[in-house]
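> My questions all concern the structure below.
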Amino acid sequence: MQPGVPLWKLAPTRDETGKPLCDFMVLIPRLKTQQPGYIGDAQNWIAGVLNRHQEVVFANMDLKLNLLWVSHRYRAGLMLEIISAIRTQLPEAVLVAHNTR
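Going by our numbering, the first residue of the sequence shown is number 669, and it counts up by one from there.
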(Lines of atoms letter the chains of each structure in order from A and count residues from 1; the text may use other names and numbers.)
(Lines give C-alpha, C1' and ligand atoms only; values in the text may rest on other atoms or scores of the structure.)
Protein backbone atom coordinates (compact mmCIF):
# COMPACT_ATOMS: atom_id res chain seq x y z
CA MET A 1 0.00 0.00 0.00
CA GLN A 2 1.28 3.45 -0.88
CA PRO A 3 1.24 6.12 1.85
CA GLY A 4 -1.19 8.91 1.13
CA VAL A 5 -3.25 6.97 -1.42
CA PRO A 6 -6.94 7.79 -0.84
CA LEU A 7 -9.00 4.88 0.42
CA TRP A 8 -11.52 5.25 -2.40
CA LYS A 9 -8.70 4.33 -4.80
CA LEU A 10 -7.73 1.25 -2.78
CA ALA A 11 -11.03 -0.27 -1.67
CA PRO A 12 -12.68 -2.51 -4.25
CA THR A 13 -16.30 -1.82 -5.18
CA ARG A 14 -17.04 -5.13 -6.92
CA ASP A 15 -15.98 -8.73 -6.44
CA GLU A 16 -14.30 -10.91 -9.07
CA THR A 17 -17.69 -11.75 -10.62
CA GLY A 18 -18.74 -8.10 -10.90
CA LYS A 19 -21.19 -8.12 -7.99
CA PRO A 20 -21.16 -4.98 -5.81
CA LEU A 21 -19.44 -5.29 -2.45
CA CYS A 22 -20.77 -4.08 0.88
CA ASP A 23 -18.59 -2.05 3.20
CA PHE A 24 -18.55 -0.58 6.66
CA MET A 25 -16.38 1.63 8.81
CA VAL A 26 -15.55 1.20 12.49
CA LEU A 27 -14.20 3.93 14.78
CA ILE A 28 -11.88 2.74 17.52
CA PRO A 29 -11.53 5.83 19.73
CA ARG A 30 -8.07 6.67 21.05
CA LEU A 31 -6.44 3.58 19.54
CA LYS A 32 -3.50 5.59 18.19
CA THR A 33 -2.75 6.93 21.69
CA GLN A 34 -2.37 3.45 23.22
CA GLN A 35 0.92 1.69 23.88
CA PRO A 36 2.44 -0.05 20.81
CA GLY A 37 1.82 -3.48 22.36
CA TYR A 38 -1.89 -2.74 22.78
CA ILE A 39 -2.13 -1.45 19.21
CA GLY A 40 -0.41 -4.58 17.89
CA ASP A 41 -2.69 -6.84 19.92
CA ALA A 42 -5.74 -4.94 18.65
CA GLN A 43 -4.59 -5.24 15.04
CA ASN A 44 -3.91 -8.97 15.48
CA TRP A 45 -7.33 -9.49 17.06
CA ILE A 46 -9.06 -7.64 14.22
CA ALA A 47 -7.08 -9.57 11.60
CA GLY A 48 -8.05 -12.84 13.27
CA VAL A 49 -11.73 -11.88 13.24
CA LEU A 50 -11.63 -10.80 9.59
CA ASN A 51 -9.68 -13.89 8.50
CA ARG A 52 -12.47 -16.12 9.83
CA HIS A 53 -14.86 -14.69 7.23
CA GLN A 54 -14.19 -15.69 3.63
CA GLU A 55 -16.58 -12.95 2.48
CA VAL A 56 -14.12 -10.22 3.56
CA VAL A 57 -12.17 -9.08 0.51
CA PHE A 58 -10.47 -5.90 1.78
CA ALA A 59 -9.65 -4.25 5.09
CA ASN A 60 -7.70 -1.12 5.95
CA MET A 61 -6.74 0.21 9.38
CA ASP A 62 -5.99 3.94 9.45
CA LEU A 63 -4.29 4.60 12.78
CA LYS A 64 -4.11 8.35 12.17
CA LEU A 65 -7.91 8.45 12.15
CA ASN A 66 -8.54 5.38 14.36
CA LEU A 67 -10.70 3.92 11.57
CA LEU A 68 -11.14 0.40 10.24
CA TRP A 69 -12.65 0.00 6.76
CA VAL A 70 -13.96 -3.42 5.67
CA SER A 71 -15.31 -4.44 2.24
CA HIS A 72 -17.07 -7.79 1.90
CA ARG A 73 -19.36 -9.91 -0.22
CA TYR A 74 -22.94 -9.66 0.99
CA ARG A 75 -24.17 -12.14 3.55
CA ALA A 76 -27.09 -11.31 5.82
CA GLY A 77 -25.84 -10.49 9.32
CA LEU A 78 -22.13 -10.58 8.47
CA MET A 79 -21.41 -6.97 9.42
CA LEU A 80 -22.96 -7.45 12.86
CA GLU A 81 -21.07 -10.73 13.36
CA ILE A 82 -17.78 -9.01 12.62
CA ILE A 83 -18.38 -5.91 14.73
CA SER A 84 -19.67 -8.03 17.63
CA ALA A 85 -16.55 -10.23 17.51
CA ILE A 86 -14.26 -7.18 17.40
CA ARG A 87 -16.09 -5.63 20.35
CA THR A 88 -15.46 -8.67 22.57
CA GLN A 89 -11.83 -7.47 22.85
CA LEU A 90 -12.27 -3.82 21.85
CA PRO A 91 -15.55 -2.72 23.45
CA GLU A 92 -14.87 0.89 22.50
CA ALA A 93 -15.20 0.03 18.77
CA VAL A 94 -18.21 1.77 17.20
CA LEU A 95 -19.87 1.08 13.85
CA VAL A 96 -20.10 4.52 12.22
CA ALA A 97 -21.06 3.84 8.62
CA HIS A 98 -22.07 1.04 6.33
CA ASN A 99 -23.15 0.59 2.75
CA THR A 100 -25.01 -2.45 1.52
CA ARG A 101 -25.46 -1.04 -1.97
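Beta carbons are placed, not taken as given, at the ideal position from N, Cα and C, and that holds for glycine.
From a predicted model like this one, the values you see are computed outputs, not experimental measurements.
For Ala-753, report the span of its alpha helix (DSSP H) as first-last.
Segment 746 to 757, the alpha helix (DSSP H) holding Ala-753.
> Going by DSSP, which residues form a beta bridge with Arg-682?
Beta-bridge pairing links Arg-682 to Pro-688.
> What is the DSSP secondary structure of Val-725, reduced to helix, strand or coil?
Looking at Val-725 - three-state DSSP - the assignment turns out to be strand.
> Which of the three DSSP states is assigned to Ala-761 in this structure?
Correct three-state label for Ala-761: coil.
> Is the beta carbon of Ala-727 less than 8 Å from the beta carbon of Leu-718?
Yes, Cβ-Cβ distance for Ala-727 and Leu-718 is below 8 Å.
> In the DSSP assignment, the beta strand (DSSP E) including Val-673 goes from what residue to what residue?
Unbroken run through Val-673: none, as it is neither H nor E.
> Do Val-774 and Asp-691 have their CB atoms nearer than 8 Å?
A question about residue 774 goes unanswered here, because the residues of the chain that appear run from 669 up to 769.
> Roughly how many angstroms lie between the CA atoms of Ile-750 and His-721, to the nearest whole one?
About 8 Å.
> Taking only three categories from DSSP, how would you classify Leu-699?
Residue state, collapsed to three classes: helix.
> Enumerate in chain order the residues of its own chain whose CB-to-CB distance from Val-725 is below 8 Å, with the five nearest sequence positions on each side excluded.
Once the five neighbours on either side are set aside, the close Cβ partners of Val-725 are Pro-680, Asp-683, Leu-689, Ser-739, His-740, Arg-741.
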